[in-house]
Amino acid sequence: TLRYSDQHGYLPALMKLLEVSPSTQALVYSKSSLQLRRINPTTPRALYFNDQIYLGWVPGGDVVEIIASDPTLGSVFYSLPQRRSATPKFIRDKGQCLQCHAARRTQNVPGPVVRSLFTSNNGQPVYNFGTYVSDHPSPFSQRWGGYYVTGTHGNMRHMGNMLVDANQGRSEVNFDDGANVTDLSRLVNTKAYLTDDSDLVALMVLEHQTQMQNLITFARYEEIRGRQYDKSMNAALDRDPKFESEFTTRRTTRANNNLIRYLLFADEFHLTAPLRGTSTFADTFSKRGPHDNQGRSLYQLDLKSRLFRYPLSYMIYSPLFQQLPPATLKAVAQKLHQHLNADVNEQGLEHLTPKLKLALLDILRQTHPQIVKYW
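Here it is in structure tokens:
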């Protein structure tokens, strides 16, 4: 049972049911999703999320789009028709969403993605200007094309809040036009939406989370694929059923290492100015736990030189991570422990100072017994 709203359909009731906050709102005006015919700079698509759910809604749209994080399958795609009904029903996607959401941009597994596109005044992406996948290593200058973005970011520049002329060269784009916008009223009428914001801090968390989720799913898939490959080959070659091939070891080790490096924010873009959003998102998100005995949490934001105060992804608490296959979970836990005790950091992990490593070890020991049991 979901209450229907004349203005927003089932969106508010669905958000309440799934515990998704309106402060996560991101407004996307590029025509780059399922309901593209309804999306343009005047009627952007609104995205909302929590650690396991992503919702997409367009004013006057036919459906609410839903991505649900499933611990076994990865991401599963649904829609909820926006017609008033006594028994509203979720409809599982039969493959249309996977044309874009199970490709190189999502680590070749079903998953979410934040894509940055130069966008013209009718909402059409201008592909020949360049397209990017946004995540925490991305240069600031390659983020949020086709998004409205609210918040301050000093001298850094991004691709949001701008419309480009496809007939002019990319060199004519003035990135100052979209910088440090705290009020969208001069760009778009937000009365149709749940809030007036498209908070840059929420966007930064979203882009990190999406690729973190995909790497966790990929690590699961690689262990399953490797196990099935070895099972078939061991039977064909009359080998010990428990034999693990070098091929499987290589592919699972590579997937696990990529996962661990991303968990630790390897190669994260270094902020050159402090960030400040326009909604309650940053404050609410930073208060989340679990906390250690000093009140420290992996959800605490930094926003001065990097995204998080303690650079280890909060997605380590997600059901998706916690329900990794045992062999993968053990390997990841032990390699993570090795990184946090290393005297010399790998390339890309230079930000892990001795003080930060000790803090991360303490936080995990007190808040993540599932990981610690492998140390």
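Using our numbering, read the sequence shown as starting at 2 and increasing by one per residue. All C-beta atoms in this analysis are idealised placements derived from N, C-alpha and C, irrespective of residue type, glycine included. Predicted, not measured: the structure shown is a model, and the values here were computed from it.
Rounded to the nearest angstrom, the gap between the Cα atoms of D63 and H102 is 20 Å. In the structure shown, G227 falls within a helical segment according to DSSP collapsed to helix, strand and coil.
Between the alpha carbons of T253 and P72 lies a distance of about 18 Å. Judged by DSSP secondary structure, R252 falls outside any beta strand (DSSP E) and instead within the alpha helix (DSSP H) spanning E247 to L264.
Just so you know, the alpha carbons of Q212 and D7 end up roughly 35 Å apart.
A Cβ-Cβ separation of about 11 Å leaves F309 out of contact with M316 under the 8 Å criterion.
In terms of CA proximity to L304, T153 leads the group T153, H369 and A47.
Linking L362 to L299 through their CA atoms gives a straight-line distance of about 11 Å.
S287: not part of any beta strand (DSSP E); member of the alpha helix (DSSP H) spanning F282 to S287, first to last residue. Going by DSSP, P82 is part of the beta strand (DSSP E) stretching over G75 to P82. Within the DSSP bridge table, the entry for D200 names T151 as partners.
Here S76 is buried, its C-beta having at least 16 other C-beta atoms within 10 Å. Of the residues assessed, N168 falls on the exposed side of the cut-off, its CB having fewer than 16 other CB atoms within 10 angstroms. R262 has its alpha-carbon roughly 13 Å from the corresponding atom of A332. Excluding sequence positions up to five before and after G349, its CB lies within less than 7 Å of the CB of R262, A267 and D268, all in the same chain and listed in chain order. For A360, the uninterrupted alpha helix (DSSP H) run begins and ends at P355 to T368, by DSSP. Taking T368 as reference, the option from H352, R297 and L325 with the minimal CA-CA separation is R297. The beta carbon of G61 lies closer than 8 Å to those of R39 and T44 in the same chain, with the five residues before and after it left out. Shown here for G290: same chain residues with a beta carbon closer than 6 Å to its own, the five before and five after excluded, namely S298 in chain order.
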